[in-house]
Amino acid sequence: MKRFLIVALLVLFACAQTTATRTGWLAMSKQEKTLYVRSLLGHEKAKEAKGGNQRVYDQPAEVYVQQIDAAYSRGEQRTVDEVFETLGAQRSAGGPTV
């Protein structure tokens, strides 16, 4: 029952799109940050599948966590989502090759 409740809460949180602020990010544990970035990566994969993604996110979540931490160490004030958007590589004009 406890496991079901945890899974249900995770699904609930996953469905509710929230934006983490700088303060919220700094208060998160490393595991929470990684989970948050994984949710952002999942969102980007969904956009890519629909053909509407102009950026490529091909690094592991942990790399993006380190980059966001570094940005906040330098004094970045934007939300986590805004910082994350700048970390993806620009997709070439021709798009992905299959």
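No gaps in the numbering here: position 56 of the sequence shown is 56 in our numbering, and each next residue is one more.
Don't be surprised by glycine CBs; every beta carbon is placed ideally from N, CA and C.
Could you tell me whether the segment 77-89 touches the segment 19-28, using the rule of 3 or more Cβ pairs below 8 Å?
With contact defined as three or more Cβ pairs closer than 8 Å, the segment 77-89 and the segment 19-28 are in contact.
Three-state secondary structure (DSSP) at R101?
No statement about residue 101 is possible, as the shown extent of the chain runs from 1 to 98 and does not include it.
Return the CA-CA distance between Y39 and R74, expressed in angstroms with no decimal places.
If you number the sequence shown from 1, residue 39 lands on position 39. If you number the sequence shown from 1, residue 74 lands on position 74. According to the sequence provided, residue 39 is Ser. The question's Tyr does not apply to it. Approximately 24 Å between the Cα atoms of the pair.
With DSSP as the reference, label Q90 as helix, strand or coil.
Working through the sequence shown from its first residue, we reach residue 90 at position 90. Residue state, collapsed to three classes: strand.
4-residue-minimum alpha helix (DSSP H) runs that sit fully inside the segment 22-89, ordered along the chain:
22-27, 30-49, 61-73 and 80-85
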